[in-house]
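Q: Dropping a structure here in structure tokens format, bear with me for questions.
Protein chains: 2
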Amino acid sequence: MAMVDATEVDHLAAERAAAQFDVEEMKVAWAGSRHAVEIADRMARLVASDPVFRKDTRTMLSRKDLFKDTLRKAAHAWKRIVELRLTEEEANLLRLYVDQPGYVDLHWGMFVPAIKGQGTEEQQQKWLPLAYKFQIIGCYAQTELGHGSNVQGLETTAMFDPKTDEFVIHSPTLTSSKWWPGGLGKASTHAVVYARLITEGKDYGIHGFIVQLRSLEDHSPLPGVTLGDIGGKFGSGAYNSMDNGVLRFDHVRIPRDQMLMRLSQVTREGKYVHSNVPKQLLYGTMVFVRQSIVADASKALSRAVCIAVRYSAIRKQFGAQVGGPETQVLNYKTQQSRLFPLLASAYAFRFVGDWLKWLYTDVTQKLEAKDFSTLQEVHACTAGLKAVTTSATSDAIEECRKLCGGHGYLNSSGLPELFTVYVPACTYEGDNVVLLLQVAKILMKTVSQLTSGKPPVGTMAYMGNAQHLMQCRCAVSTGFFERSPDVVEAAVAHIQLLLLLMCTYGVRFIEKLQQDIPGHGVKEQLQNLCNVYALYLLHKHLGDFLVTGCITPKQGALASEQLGKLYAQVRPNAVALVDAFNYTDHYLGSALGRYDGNVYPALYEEAWKDPLNETVVPEGYHEYLRPLLKQQLKLSRL
Amino acid sequence: MAMVDATEVDHLAAERAAAQFDVEEMKVAWAGSRHAVEIADRMARLVASDPVFRKDTRTMLSRKDLFKDTLRKAAHAWKRIVELRLTEEEANLLRLYVDQPGYVDLHWGMFVPAIKGQGTEEQQQKWLPLAYKFQIIGCYAQTELGHGSNVQGLETTAMFDPKTDEFVIHSPTLTSSKWWPGGLGKASTHAVVYARLITEGKDYGIHGFIVQLRSLEDHSPLPGVTLGDIGGKFGSGAYNSMDNGVLRFDHVRIPRDQMLMRLSQVTREGKYVHSNVPKQLLYGTMVFVRQSIVADASKALSRAVCIAVRYSAIRKQFGAQVGGPETQVLNYKTQQSRLFPLLASAYAFRFVGDWLKWLYTDVTQKLEAKDFSTLQEVHACTAGLKAVTTSATSDAIEECRKLCGGHGYLNSSGLPELFTVYVPACTYEGDNVVLLLQVAKILMKTVSQLTSGKPPVGTMAYMGNAQHLMQCRCAVSTGFFERSPDVVEAAVAHIQLLLLLMCTYGVRFIEKLQQDIPGHGVKEQLQNLCNVYALYLLHKHLGDFLVTGCITPKQGALASEQLGKLYAQVRPNAVALVDAFNYTDHYLGSALGRYDGNVYPALYEEAWKDPLNETVVPEGYHEYLRPLLKQQLKLSRL
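Same order as they appear, the protein sequences are chains A and B.
Read in order, the letters of the first sequence correspond to residues 1 to 638 in the UniProt record's numbering.
Read in order, the letters of the second sequence correspond to residues 1 to 638 in the UniProt record's numbering.
Now the structure itself:
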């Protein structure tokens with residue numbers, strides 16, 4: 001059944017030849033530097049060539065086999081990282097290309113940073129070496145069955161017992177069960193557990209505690225600890241490789257020094273005392289996590305766009321006349337008008353990610369110098385960009401799937417798994433609507449302070465110039481929560497303006513760094529995509545622009561017209577623009593998105609791998625089909 | 001672990017007590033009649049009480065077990081239908097509540113109607129009794145690997161051989177493989193196969209042929225027939241219960257009389273002749289299929305809305321003050337502004353479905369009287385409504401999932417499966433974008449004929465009154481396909497107008513039939529939902545209304561304000577409005593959507609069913625976790 005030809009014909013060669021820019025230089029612009037291209041390329045190939053990292057049958061595995069496969073891949077990745085003495089940068093890329101969520105993500109991404117950010121020097125010296133060598137596996141146990149976004153409402157308790165110098169960790173209700181933490185269900189030996197600190201009869205609110213969950217000898221849960229997986233999640237494969245867990249405590253005792261004590265402490269006598277470390281330092285971690293989520297958005301979106309663009313260049317449908325040659329789907333204006341804005345968005349999010357990384361460095365330095373002046377504005381930026389880019393990306397992946405027609409619905413297209421593994425980003429690390437409400441609150445506050453002579457800073461500076469914005473105050477007066485649907489729309493608009501600025505800024509940014517963007521045509525292509533992105537947003541939110549009188553109906557129509565012209569300019573470059581992402585066929589994991597465009601033999605070959613095809617006559621024929629066909633159902637017991 | 005309390009406390013009792021209308025009468029309005037409520041109720045309970053129809057672990061089954069489970073349920077359903085001598089109406093409802101896609105859907109929904117619509121009297125007499133008794137199982141093999149929407153581009157050939165009086169069915173290329181037909185992969189014994197009819201050296205285009213695929217003795221594929229399943233699809237459970245298949249023919253011979261000959265025939269000598277049956281009769285089937293898709297949209301949407309509304313009434317988050325009691329999520333304006341328009345849409349689609357059913361009856365009668373005058377307009381209605389309602393429904397199910405926060409991502413919420421099983425409706429039976437382009441074409445044609453004195457009919461009559469529409473002609477002149485993104489938007493607008501009219505019409509319709517809508521407050525609630533739906537569309541498409549000068553910015557703002565007031569009126573009735581759908585907990589299949597609102601114990605209980613929880617220490621611990629934790633990875637072979 002091996003019908004994929006070995007002759008390596010490039011079915012997209014004509015598309016590639018038509019590109020009006022230097023793809024190799026665009027790869028540099030996309031990756032950020034020549035070094036970044038080289039290292040990503042090397043790690044991607046390392047993963048793609050290793051049979052342990054195969055993922056072509058991942059969506060067909062049972063939950064147990066999928067989880068076992070994840071444990072295997074994680075161990076193998078760690079083995080390779082150690083053997084090859086990979087740098088941290090290389091190791092992160094290797095894990096990225098393994099492309100399978102697992103406990104290590106939480107160990108490195110949440111457990112270690114929590115100890116670094118909230119642990120004292122002493123605690124860091126004790127716990128970090130254990131974590132760095134994987135002598136312990138940690139996770140981040142915050143969310144509960146009954147409480148997600150409202151962290152202050154968590155119910156788990158940590159009661160200090162001065163008699164034994166211990167905290168007693170307890171789950172007083174069913175809804176206080178820890179629920180969702182990744183890596184918790186089956187893999188972790190330890191967790192940072194968030195609980196209400198109670199000492200001397202007083203509730204001091206939510207604090208973090210390092211709690212051992214499982215025996216380091218045989219991995220069995222410790223006494224008083226109930227552990228399990230919370231069950232299957234959206235999609236096949238996808239996030240089901242992760243053991244999101246449930247955890248209940250029945251009066252579990254931990255030493256006092258396992259409370260994370262960088263910001264506040266409980267003394268031997270049970271006194272609650274604050275340290276001199278300012279609370280605001282914790283925001284740094286949040287900004288870091290959210291900026292990496294924005295970077296991930298551009299990765300996920302660019303993968304989906306890459307698949308949809310390549311397949312749209314291969315797929316043909318209808319033609320000028322019945323029976324005549326058919327037209328590439330990529331030539332249809334309806335296809336272009338849905339697909340090219342997503343291509344532009346992938347590039348836009350990529351550059352915004354770079355800017356956010358810079359913002360993180362900047363705010364970290366300021367926080368260390370105890371300068372908290374930009375904190376609120378940075379919070380609005382990262383929270384808003386997290387919300388807008390993750391929502392746009394999940395919608396866009398699903399749109400790309402639809403743009404691939406029926407075949408996009410097959411797991412072998414790679415798109416169903418890409419969507420289902422990505423979409424929780426809209427909910428975790430701050431639900432998008434809750435985040436936008438926070439952004440809106442900061443916006444309203446900024447607007448209301450305009451008259452008080454306090455000029456807005458950073459990305460909100462533009463408001464200082466817009467005197468008519470002060471009219472907004474009357475709207476605000478009707479009550480913030482009554483108007484919340486409207487202010488959420490305002491927050492989205494603000495963030496999209498930011499995205500636009502940063503998109504332009506991104507192009508300028510590279511230019512500034514390198515005098516001029518090198519490579520034939522690269523700058524022109526980026527400028528084109530930037531314009532597509534801007535006009536697409538204008539078209540999408542036309543109503544808001546018109547209702548505020550920012551533009552006239554005639555200008556709106558003109559923008560749509562211009563958009564059509566821009567699509568025509570993107571068209572010959574579309575395939576090369578997705579080639580510039582430099583993704584291996586392994587990483588894409590899509591029969592439709594293959595580099596060589598040899599789509600149909602690949603789809604055909606993938607089909608036969610399904611376990612249902614192990615036999616020609618299906619299991620169940622003798623029990624359930626034959627009696628039906630032979631009119632003998634009455635005799636059979638079903 | 002059985003933590004769902006048996007005391008049957010109704011956690012939503014207060015919500016139900018607050019409703020301002022008679023729920024039992026609303027059930028009648030929703031179902032269409034008292035008889036419809038009774039019969040649906042009886043069938044739903046029949047299914048829910050039968051252990052064979054359990055589906056609570058469906059998303060955990062391997063593909064093979066899921067398929068076997070589907071064969072079992074299909075056979076059991078048929079057994080019950082025969083034993084209980086169910087009417088066709090009852091049998092259809094029973095299959096609906098079994099709620100698992102399978103070969104029987106295609107057998108009854110496509111194979112039988114194809115023979116009825118395209119077979120001669122003689123052919124019907126031969127084949128239908130076999131199909132009615134399940135002595136054969138049939139499917140509908142049209143789509144190919146390389147051809148979907150463009151039916152005229154299909155490549156499979158049916159060459160007439162006058163020597164043997166047979167057709168030779170053949171797949172000349174890889175892309176000509178039949179690909180997607182449901183029930184084809186494993187279950188069907190026969191198919192209606194669409195192929196290019198070639199006789200006397202001439203290609204007469206696409207025709208249907210009844211082809212036996214498998215032996216009726218042992219179910220093995222007949223000589224020259226290659227059969228298989230096309231592999232896993234989006235989601236767990238969901239559409240993976242269906243054996244969408246691949247089929248290749250290697251010169252398979254069938255008797256001449258297995259060409260479906262109602263419209264045209266091939267004589268013994270190989271002459272191609274038309275019958276006197278007009279081709280337009282085939283449209284009746286298409287209208288029928290599409291009207292049932294619109295009816296399904298309201299079912300799927302109402303299930304999702306029912307889950308999201310009930311859980312939003314249970315779930316609490318944040319409160320007026322930190323540490324104080326938390327607020328029901330359903331009270332938040334942002335939640336209402338996202339959820340209530342979807343509730344209104346479910347009702348709107350329900351009434352439009354009724355109207356389309358009437359339209360089908362009407363057009364069938366006209367076609368039989370050879371009156372083809374309304375055909376084009378009916379086509380535009382059904383194609384457009386199919387496109388708009390299926391797109392809106394898939395988006396809405398996913399929105400409902402997000403409105404349930406993190407828990408919506410769990411399979412036990414029921415929403416992931418509901419989404420993935422529903423979303424192919426956007427692609428099958430006419431890709432939505434292709435359909436909207438067809439509607440747009442008819443709209444443009446209608447507009448261009450306005451000056452010629454040919455008045456538009458039926459649902460397009462409103463155009464006759466709009467003189468300024470004639471200005472559109474200049475836009476049309478720039479080339480239809482160049483403007484296709486714009487005209488698609490125009491088509492969507494037209495269909496939404498239709499939906500609005502029909503929504504109002506639906507309310508009026510019941511009123512007309514029954515003098516007055518009976519039941520305390522029922523009419524008021526329906527009128528409210530109708531207004532929500534209208535203003536929501538206005539708000540969503542504000543830009544289009546403003547750019548055409550239909551409304552002023554001030555009116556737009558007023559509409560948004562009014563919408564907020566309407567939400568406040570819907571709020572106390574929301575739970576009762578979804579209760580009126582009368583869905584059993586079995587049919588909903590959601591821990592979040594339970595009638596009694598006892599959500600958290602149910603989520604907790606579902607989690608432990610996951611196969612990963614069979615052992616506390618996971619499989620793979622000794623191979624992949626222990627060596628890692630014990631720093632012995634180098635010694636182990638992974």
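For every residue, glycine included, the Cβ atom is placed at its ideal position computed from N, Cα and C.
(1) For GLY284(B) versus LEU385(B), is the C-beta distance shorter than 7 Å?
(2) Mapping DSSP to helix, strand and coil, what is ILE254(A)?
(3) Name the two residues that bound the continuous beta strand (DSSP E) containing MET159(A).
(4) If you follow the beta strand (DSSP E) that LEU443(B) is part of, which residue opens it and which one closes it?
(5) With 7 Å as the threshold, decide whether the Cβ of TRP127(B) is near any Cβ in chain A.
(6) Considering only the alpha carbon of each residue, which of ALA387(B), ASP362(B), LYS523(B) and ALA344(B) lies closest to TYR536(B)?
(7) Kindly indicate if chain A contains any beta-carbon less than 7 Å away from that of GLY593(B).
(8) Could you round the C-beta distance between MET261(A) and GLN123(A) to whole angstroms and report it? I think they count as a contact, below 8 Å.
(9) At 4 residues or longer, what runs of the alpha helix (DSSP H) sit wholly inside the region 97-179 of chain A?
(10) Output needed for residue 641(B): all residues of its chain with C-beta closer than 8 Å, excluding positions within five of it in sequence on either side, in chain order.
(11) Assuming PRO553(B) and LEU546(A) are in contact, meaning their beta carbons sit under 8 Å apart, how far apart are those beta carbons, in whole angstroms?
(12) So the alpha helix (DSSP H) VAL363(A) belongs to, where does it begin and stop?
(13) Do you know how far the Cα of GLN335(B) is from the Cα of PHE318(B)?
(14) With a Cβ-Cβ cutoff of 7 Å, do ASP243(B) and ASP229(B) count as a contact?
(15) Can you give me the C-alpha to C-alpha distance between GLU121(A) and HIS35(A), rounded to a whole angstrom?
(16) Would you call ASP10(A) buried or exposed, if buried means 16 or more other Cβ atoms sit within 10 Å of its Cβ?
(17) Based on the DSSP secondary-structure assignment, which residues constitute the bridge partners of PHE191(A)?
(18) Beta carbon of TYR103(B), beta carbon of GLY183(B): below 7 Å?
(19) Say whether chain A places a C-beta atom closer than 7 Å to the C-beta of PRO611(B).
(20) Let me confirm a value: THR459(B) is counted as buried when at least 16 other C-beta atoms fall within 10 Å, else exposed. Which label applies?
(21) Do ASP579(B) and VAL52(B) have their C-beta atoms closer together than 7 Å?
(22) Taking a Cβ distance cut-off of 9 Å, strictly less, list which residues of the region 425-459 of chain A are near chain B, in chain order.
(23) For ASP250(B), which residues from the same chain have a beta carbon less than 6 Å from its beta carbon, with the 5 sequence-adjacent residues on both sides left out?
(24) Hey, GLY32(B) and ILE307(B): beta-carbon distance below 7 Å or not?
(25) Helix, strand or coil for residue 639(B) per DSSP?
(26) Mind checking which residues open and close the alpha helix (DSSP H) that includes TYR42(A)?
(27) Classify residue 643(A) as helix, strand or coil using the three-state DSSP reduction.
(28) Applying the 10 Å Cβ sphere with the 16-neighbour rule, what's the burial state of ARG45(B)?
(29) Using the beta-carbon of each residue, which ones in chain B are nearer than 7 Å to MET60(A)?
(30) Taking the beta carbon of ASP610(B) as the centre, do at least 16 other beta carbons fall within 10 Å, making it buried, or is it exposed?
(31) Rounded to whole angstroms, what is the Cα-Cα separation between GLU144(B) and GLU155(B)?
(32) With H, G and I counted as helix, E and B as strand and the rest as coil, what does DSSP make of GLY319(B)?
(33) In whole angstroms, what is the alpha-carbon distance linking residue 678(A) and PRO129(A)?
(34) In the structure shown, what three-state DSSP assignment does SER264(A) receive?
(35) Using alpha carbons as the reference points, say which of GLY549(A), THR173(A), GLU25(A) and GLY408(A) lies closest to LEU603(A).
(36) Given a threshold of 16 other Cβ atoms within 10 Å of its Cβ, counted over all protein chains shown, does ALA191(B) qualify as buried or as exposed?
A: Taking the definition as stated:
(1) no
(2) strand
(3) 157-161
(4) Looking at the DSSP string, LEU443(B) is not in any beta strand (DSSP E); the run it does join, the alpha helix (DSSP H), is 432-448.
(5) no
(6) ALA344(B)
(7) no
(8) 7 Å
(9) 103-106, 112-118 and 121-132
(10) In this structure chain B extends from 1 to 638, so residue 641(B) is not present and cannot be described.
(11) 7 Å
(12) 333-368
(13) 14 Å
(14) yes
(15) 34 Å
(16) exposed
(17) Residue identity differs from the one stated: residue 191(A) is Ala in this sequence, not Phe. DSSP, once it has assigned bridges, lists CYS139(A) and VAL211(A) as partnering ALA191(A).
(18) yes
(19) yes
(20) buried
(21) no
(22) CYS426, THR427, TYR428, ASP431, ASN432, VAL433, VAL434, LEU436 and LEU437
(23) GLY224
(24) no
(25) Within the shown structure, residues of chain B are numbered from 1 to 638, placing residue 639(B) beyond reach of any answer.
(26) Residue identity check: residue 42(A) is Arg in the sequence provided, not Tyr. Counting along the chain, the alpha helix (DSSP H) containing ARG42(A) begins and ends at 34-48.
(27) No information on residue 643(A) is available, as it lies outside the stretch 1 to 638 that chain A covers here.
(28) exposed
(29) ARG63 and GLY232
(30) buried
(31) 8 Å
(32) coil
(33) Because chain A is modelled from 1 through 638, residue 678(A) falls outside the range shown and cannot be assessed.
(34) strand
(35) GLY408(A)
(36) buried
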